[in-house]
Structures are given as C-alpha cells and as structure tokens.
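First comes the structure, then the notes that go with it.
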Amino acid sequence: MTKVLVLENVSVNGSKYGRNQLYELSGSELQAVLDTQQAIKFETPELDQYEKQVEQAINKFKKDVQKIEQSVDPRFKDEDFKSSAIEELKNELKASVEQTQSDYADFLANLRDQAASEVANEDVRISNSEREQAQLKVKQLSNELKLGNNDAIDQLANNVEHMTEDRKKALALELPQLLNEVEGNDQLEKRVKNVYQSAKPAESEASLFLRGVNALSNSVTQAYDRLTLIDRNFKGDNALNVHNENRTEKRYHDFKAQ
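In the working numbering, the protein residues as written are 30 to 287.
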C-alpha cells in the first residue's frame with residue numbers, strides 16, 4: 030500500500046477522494062488516482078516507524094498469549110493464574126502503545142510546526158524587470174478592454190503558455206488588479222481567472238509537505254483499537270468486542286476505516 034495525498038476533490042471510477050485527505054492505495058486504484066494529476070505520493074517513513082512499533086508490540090502480545098495457552102506449566106491449569114498472567118501482558122501492551130502514541134504525538138506536533146514555519150517564511154523572488162514587464166502587460170490589457178477588445182484576454186492566455194516561470198509568477202501577482210477592473214462582468218471575470226490559473230506558480234514542495242503532515246492521523250493506535258474489538262482477551266475491557274454478548278449494535282466493520 031502507498032500513501033497518497035489528494036490535492037483537490039476528485040472522483041475516480043465511482044469512488045470519491047477528498048481534498049487534503051490521505052489514502053492508502055495500491056495497484057490500478059493507486060495509478061488511477063495519480064493519473065488525475067490531483068494527487069501525489071506522500072511517504073513518511075520516519076512516522077511509519079511508530080505504527081510499526083505498535084504492530085510489533087501487538088505481535089509480541091499475541092505470541093506471549095499463545096505461549097501461555099500452549100504451555101505445559103501446571104500453574105496455567107489454574108484459570109485464575111492464567112487470567113492474571115494474560116492480564117499482565119495486556120497491561121504491558123497498553124503501556125507500550127500509550128508510550129508510542131505519546132512519542133508519535135510529540136514528533137508529529139514538532140514536524141507540523143517546522144513545516145508551517147518553513148511555508149510562512151518562504152521567499153517570493155521576482156526581479157524588478159519581471160515585475161515591471163508584468164505591470165505593463167496588465168496595463169496594456171486593461172487599455173485593450175476599455176477600448177472594447179475583449180479578445181486581448183485570449184491573446185494573453187496564449188502568451189502565458191510560452192512565458193518563463195518567473196514571468197508567469199510576476200503576472201499572477203498583477204492580475205488581481207485587472208480582476209477589479211472587470212468586476213461585474215461575469216464573462217470577463219471568468220476569463221481573467223482562467224489566465225490567473227495558468228500563470229500562478231506551482232505549489233511549493235514545502236506547502237505540499239505541510240498539507241500532507243496536517244492530513245496525517247493524530248493517532249497510531251488503530252491496530253491496537255482493532256485488537257480490543259476482535260480479541261477475546263479484551264471482551265471485558267471493550268463493550269464493543271465481538272466476543273462480548275452484551276455488546277452494542279455497532280460491530281467491528283463499523284470501525285475498520287477509522
């Protein structure tokens with residue numbers, strides 16, 4: 030499975046994917062979502078390690094319980110002694126998961142702060158000459174529109190396709206002024222906005238990373254939460270455990286996607 034960050038709302042083969050949401054996808058589904066050009070791979074190995082720690086703790090718990098279940102030690106014939114031993118393992122697992130969650134929360138909070146700071150302090154570099162040229166372009170277009178030559182917007186749109194990234198960036202900063210001048214004319218507003226969409230710079234890596242870390246779950250205990258729902262040793266701890274005869278109407282499948 031590969032983590033994918035969806036940048037804008039998209040629908041692929043009948044499935045909807047939300048803006049700024051992370052999904053774990055594979056195979057043809059993964060490729061189809063990436064092909065929309067509205068999603069990017071977002072791998073976070075430094076954070077995935079916390080999820081792996083929880084899974085490792087769960088695997089150890091299961092193996093230790095299995096050893097007790099299969100043990101020939103006569104002490105484990107006593108159900109109270111056996112239950113006490115398993116209860117101790119459950120407490121150890123819970124403590125381990127809680128510590129991992131705490132470490133993860135701290136790491137994620139720091140990572141989000143760093144990412145937000147980097148985005149907030151990103152430099153916008155545009156040379157004076159590029160800024161002047163953009164201002165002249167917009168002034169020229171404004172004059173054309175005032176003289177009734179609305180096709181000038183289409184010509185600018187064609188020109189944008191051949192501009193350098195720096196010139197497009199400069200132009201994008203000036204276009205809102207033109208938008209003010211055509212306010213009230215829905216058709217012209219739409220055409221100016223289309224030019225802006227073509228001219229505006231691509232989103233920076235820092236900004237994309239910030240969107241990704243903000244989309245990450247605040248919890249890495251999902252595997253443990255599922256365990257408490259399906260493992261009979263937790264039926265007395267979780268009212269929704271599938272082995273609990275007094276469980277509520279909700280079932281395990283209601284929680285799998287959380």
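Glycine included, each C-beta is placed from N, C-alpha and C at the ideal position.
Curious, which full-length alpha helix (DSSP H) runs of at least 4 residues does the region 66-111 contain?
-> 74-99
Would you say Ala-244 and Leu-34 are within 8 Å of each other, going by their C-beta atoms?
-> A contact, by the Cβ cut-off of 8 Å.
Measuring CB to CB, does Val-224 end up less than 8 Å from Val-211?
-> no
Can you say whether Asn-38 is buried or exposed, counting buried as having 16 or more other CB atoms within 10 angstroms of its CB?
-> exposed
When Ala-186, Lys-197, Ala-149, Lys-119 are compared against Ser-156, the one with the closest alpha-carbon | For Ser-156, the nearest C-alpha among the options comes from Lys-197.
Since Lys-45 sits in a beta bridge, which residues does DSSP pair it with?
-> Assignment of beta-bridge partners to Lys-45 by DSSP yields Ser-40.
Would you identify the three-state DSSP class for Ala-286, choosing helix, strand or coil?
-> With a pLDDT of only 44 at Ala-286, under 50, the local geometry of the prediction cannot be trusted, and the value read off the model is given with reservation. DSSP places Ala-286 in coil when its eight states are reduced to three.
Are the beta-carbon atoms belonging to Val-271 and Leu-258 less than 8 Å from one another?
-> Yes, the Cβ-Cβ distance between Val-271 and Leu-258 is below 8 Å.
Could you say which of Arg-141, Gln-99, Asp-107, Lys-119 lies nearest to Lys-89 if we only look at CA atoms?
-> Lys-119
Assigned exposure category for Glu-72 - 16 Cβ within 10 Å defines buried = Here Glu-72 is exposed: its Cβ has fewer than 16 other Cβ atoms, across all protein chains shown, within 10 Å.
Quick one: what's Ala-50 bridged to in DSSP?
-> One point to set straight first is that residue 50 is Gln, not Ala, in the sequence displayed. Partner(s): Val-35.
Does the beta carbon of Glu-190 sit closer than 8 Å to a beta carbon anywhere in chain B?
-> Among the chains in the structure shown there is no chain B, since it carries only a single protein chain.
Let me know if Asp-260 comes out buried or exposed under the rule of 16 or more other beta-carbons within 10 Å of its beta-carbon.
-> buried
How long is the line joining the alpha carbons of Val-94 and Ser-246, rounded to whole angstroms?
-> Going from the Cα of Val-94 to the Cα of Ser-246 covers about 30 Å.
Could you tell me which uninterrupted alpha helix (DSSP H) segments, each at least 4 residues in length, are contained entirely in the region 145-221, listed from first to last along the chain?
-> Here the runs fully enclosed are 157-175, 180-189, 194-210.
Alpha carbon of Ala-114 to alpha carbon of Pro-103, nearest angstrom = Cα to Cα, Ala-114 sits roughly 13 Å from Pro-103.
How do the region 144-161 and the region 116-133 stand: do at least 3 beta-carbon pairs fall below 8 Å, yes or no?
-> no
Can you name the start and end residues of the alpha helix (DSSP H) that Arg-240 belongs to?
-> Element bounds for Arg-240: 234-244.
Expressed to the nearest angstrom, what Euclidean distance is found between the alpha-carbon atoms of Glu-116 and Ala-86?
-> 15 Å
Between the beta-carbon of Asn-167 and the beta-carbon of Leu-207, is there less than 8 Å?
-> In the sequence on display, residue 167 carries Val and not Asn. Yes.
When DSSP labels each residue in this structure, what does Ala-138 get in the three-state scheme?
-> helix
Bounding residues of the alpha helix (DSSP H) (the contiguous stretch that carries Arg-261) = Taken as a continuous stretch (DSSP letters only), Arg-261 belongs to no alpha helix (DSSP H), as it is neither H nor E.
By the 10 Å Cβ neighbour count, where 16 or more other Cβ atoms means buried, how is Met-30 classified, buried or exposed?
-> exposed
Indicate the three-state DSSP secondary structure (helix, strand or coil) for Ala-114 in the structure shown.
-> helix
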